[in-house]
Amino acid sequence: MNVFQKEVRLKPYSRGFHLITEAVLSAIPEIKTIKIGQLQVFIKHTSASLTINENADFTVRQDFESHFNKVVPENAPYYKHTYEGPDDMPAHIKASLLGASVQIPITNGKLNLGIWQGIYLCEHRDYGGERKLVVTVFGV
Numbered sequence: 002m003n004v005f006q007k008e009v010r011l012k013p014y015s016r017g018f019h020l021i022t023e024a025v026l027s028a029i030p031e032i033k034t035i036k037i038g039q040l041q042v043f044i045k046h047t048s049a050s051l052t053i054n055e056n057a058d059f060t061v062r063q064d065f066e067s068h069f070n071k072v073v074p075e076n077a078p079y080y081k082h083t084y085e086g087p088d089d090m091p092a093h094i095k096a097s098l099l100g101a102s103v104q105i106p107i108t109n110g111k112l113n114l115g116i117w118q119g120i121y122l123c124e125h126r127d128y129g130g131e132r133k134l135v136v137t138v139f140g141v
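Using our numbering, you'd call the opening residue of the sequence shown number 2 and step up by one each time.
Given below as structure tokens:
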């Protein structure tokens, strides 16, 4: 079994849903040596998240942002954690709903994603800043 792990720093992204599949792949070229295995991507933050979804039509990412903002609004009167700004508590809730990691099968040195799937960074803060990922590849 081979195991490779790297910490990846992503540039700051604006609030929204962003495809980062290529950034992840370019950070860990060792994936090409894995015939059968798994890729795990973990985000080291509580106000951003990861998910897998549509990688072709940009409007899907816009609709995700619009919907999440309706489901988890800013300035809800019952929020107690408000000292970091109106986008902070909603960002924590959105991150918990989507999750901090994704795991994808590797087959013959490539991610075994569906034809229209990609890895999203879900940035839930207006100014989230640089984000750190831990990318782990394991397999034979």
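In this text, a Cβ means the ideal position worked out from N, Cα and C, and glycines have one as well.
- Rounded to whole angstroms, the gap between the alpha carbons of residue 109 and residue 83 is 47 angstroms.
- Here residue 95 is buried, its C-beta having at least 16 other C-beta atoms within 10 Å.
- Classified as buried, residue 88 has 16 or more neighbouring CB atoms from the shown chains inside 10 Å of its CB.
- With a cutoff of 9 angstroms on beta-carbon distance, residue 40 and residue 24 are scored as not near each other.
- Nearest C-alpha to residue 102 among 36, 77 and 49: 49.
- In its chain, beyond the 5 residues on either side, 2, 3, 35, 36, 37, 38, 39 and 107 have a beta carbon closer than 8 angstroms to the beta carbon of residue 140.
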